[in-house]
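Numbering follows my numbering, in which position 28 of the sequence shown is assigned residue number 1266; successive positions increment by one, without gaps.
From the three backbone atoms N, C-alpha and C, an ideal C-beta is built for every residue, glycine too.
Below is one structure, written out as structure tokens, with a few remarks after it.
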Amino acid sequence: MRMRLRPLAAASLAALLTTTGFSDLEGQRRRGRGGGGGFGNDLAAYQEYNTPYTGKFTFVRLYYRTGGWGRNPGWSHDWPVAERNFGEIMDALTTIGPRRGGGNVLAMDDPELFKFPVAYLSEPGDWGMTEAEAENLSNYLRKGGFLIIDDMGGYRDLNWTEQMLEVLLPGLQLVELDVSHPIFDSFFHLEQSNIEMPHPYWGGIASYWGIFENNDPEGRLMVIVNHDNDIGDYMEWSDRGFVPIALSNEAYKLGVNYVVYALTH
1239 MRMRLRPLAA ASLAALLTTT GFSDLEGQRR RGRGGGGGFG NDLAAYQEYN TPYTGKFTFV
1299 RLYYRTGGWG RNPGWSHDWP VAERNFGEIM DALTTIGPRR GGGNVLAMDD PELFKFPVAY
1359 LSEPGDWGMT EAEAENLSNY LRKGGFLIID DMGGYRDLNW TEQMLEVLLP GLQLVELDVS
1419 HPIFDSFFHL EQSNIEMPHP YWGGIASYWG IFENNDPEGR LMVIVNHDND IGDYMEWSDR
1479 GFVPIALSNE AYKLGVNYVV YALTH
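In structure tokens, the structure reads:
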């Protein structure tokens, strides 16, 4: 797959975002921070905004049932604005030709998941799975799918995420990645200073953890975990001045690198 970087007319990636055409749902979402679409655990309500498969790259957010956060469960945080903004950035910078305007929400046991190469999981501190969900998601990852885990902080979240990944991929180890890994050079060349960004709420310095196929660090990376980071939040608020532009830029660079790596490995 051949991709190229398009020249930028502005220093900020956020400057590439359109500022018109917000849907009523997005307008309602903008009134507060930290939540999702306000549909609670009603998966069907979120899926009303899904689009049929067309072959275009589509951002896929994974649903899981949780008792936390009431109408705005953690898995839905930053939906749908983060995926809308991210699609705009990918369309402006790469030749991937992604679906613009948003993404799809899928349950972990949905067979449709296999049509999409990258899946995104937000706020894994409340993450739980049925046997059917674990089996389907495990098969997805082993057959070439790539999972981004985001919006987490502290070692409680990291330990819980490691336990969930052990259920999914028993025998495979979660290991810390450094900037020399190819995922940090798959589209944008990132230095240590680029990836050592603070979490937007509590300020812990980000670290990155991964699971490799066959535990081979030279092999395919199947899962990446953004620890003490929340690139979805940086993406959602990048065009509204809630977060520093420089950090939103780094979040977009990470996101683009993740997708390009997943599509080429």
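Answer with buried or exposed for residue i, where buried requires no fewer than 16 other C-beta atoms within 10 angstroms of its C-beta.
i: V1413; result: exposed
i: D1280; result: exposed
i: N1342; result: buried
i: F1480; result: exposed
i: N1397; result: exposed
i: R1309; result: exposed
i: H1315; result: buried
i: A1484; result: exposed
i: W1440; result: exposed
i: R1394; result: exposed
i: P1336; result: buried
i: Y1378; result: buried
i: H1437; result: buried
i: P1290; result: exposed
With a threshold of 6 Å on Cβ separation, who are the neighbours of residue i within its own chain once the five nearest residues in sequence on each side are excluded?
i: G1493; result: F1324, I1469
i: Q1430; result: V1417
i: A1370; result: D1347
i: M1241; result: Interpretation of M1241 is limited by its pLDDT of 46, a score under 50 that renders its predicted location unreliable; the figure taken from the coordinates is listed afterwards. Within the same chain, M1241 has close Cβ partners T1332, T1333.
i: Q1411; result: N1453
i: F1505; result: Since the first and last residues shown for the chain are 1239 and 1503, residue 1505 lies out of range.
i: E1474; result: D1316, V1319, A1320
i: L1415; result: Y1446, G1448
i: M1402; result: W1365
i: L1255; result: N1323, E1326, D1477
i: Y1490; result: L1251, I1327
Since residue i sits in a beta bridge, which residues does DSSP pair it with?
i: F1422; result: None, per the DSSP bridge assignment.
i: E1414; result: W1447
i: V1343; result: R1299
i: P1318; result: Paired residue(s): none; P1318 is not in a bridge.
i: P1336; result: According to DSSP, P1336 bridges with nothing at all.
i: A1282; result: Per DSSP, none; premise fails for A1282.
i: V1405; result: Beta-bridge pairing links V1405 to no other residue.
i: M1390; result: N1467
i: I1433; result: Answer by DSSP bridge pairing: none, since I1433 is not bridged.
i: L1385; result: A1357, V1461
Might you give, ordered along the chain, the residues of its own chain that have their beta carbon closer than 8 Å to the beta carbon of residue i, omitting 5 neighbours on each side?
i: G1409; result: N1453
i: P1355; result: F1295, G1382, G1383, F1384, A1500, L1501
i: V1298; result: G1341, N1342, V1343, L1344, L1351, F1354, V1356, A1357, Y1358
What residues in its chain sit with their C-beta under 7 Å from that of residue i, if we drop five residues either side in the sequence?
i: G1339; result: R1322, G1325
i: E1488; result: N1432, M1435
i: P1311; result: G1274, G1278, N1279, T1304
i: T1258; result: Summary for T1258: the model assigns pLDDT 38, below 50, so the residue's position carries little reliability; its value from the coordinates is reported in the next sentence. Same-chain partners within the cutoff: there are none.
i: G1270; result: Residue confidence is low: G1270 scores 42 on pLDDT, short of 50, so the model does not pin down where it sits. Its coordinate-derived value is still stated next. So no residue of the chain qualifies.
Can you tell me the Cβ-Cβ gap for residue i and residue j, rounded? I've got them flagged as a contact below 8 Å.
i: I1386; j: Y1496; result: 6 Å
i: S1376; j: L1406; result: 5 Å
i: A1444; j: D1471; result: That belief does not hold up - the Cβ atoms of A1444 and D1471 are roughly 12 Å apart, past 8 Å.
i: F1425; j: V1498; result: 4 Å
i: M1390; j: N1464; result: 7 Å
Flag residue i as yes if its beta-carbon sits less than 8 Å from any beta-carbon of chain B, otherwise no.
i: P1438; result: The structure shown contains no chain B; it is built from a single protein chain.
If contact is defined by three or more beta carbon pairs under 8 Å, each pair taking one atom from either stretch, is the segment 1287-1304 in contact with the segment 1444-1464? In this structure the segment 1444-1464 does not lie against the segment 1287-1304, because fewer than three pairs of beta carbons, one per stretch, are closer than 8 Å.
So, does the segment 1326-1333 touch the segment 1342-1354, judging by three or more C-beta pairs under 8 Å? Cβ pair count under 8 Å is below three, so no.
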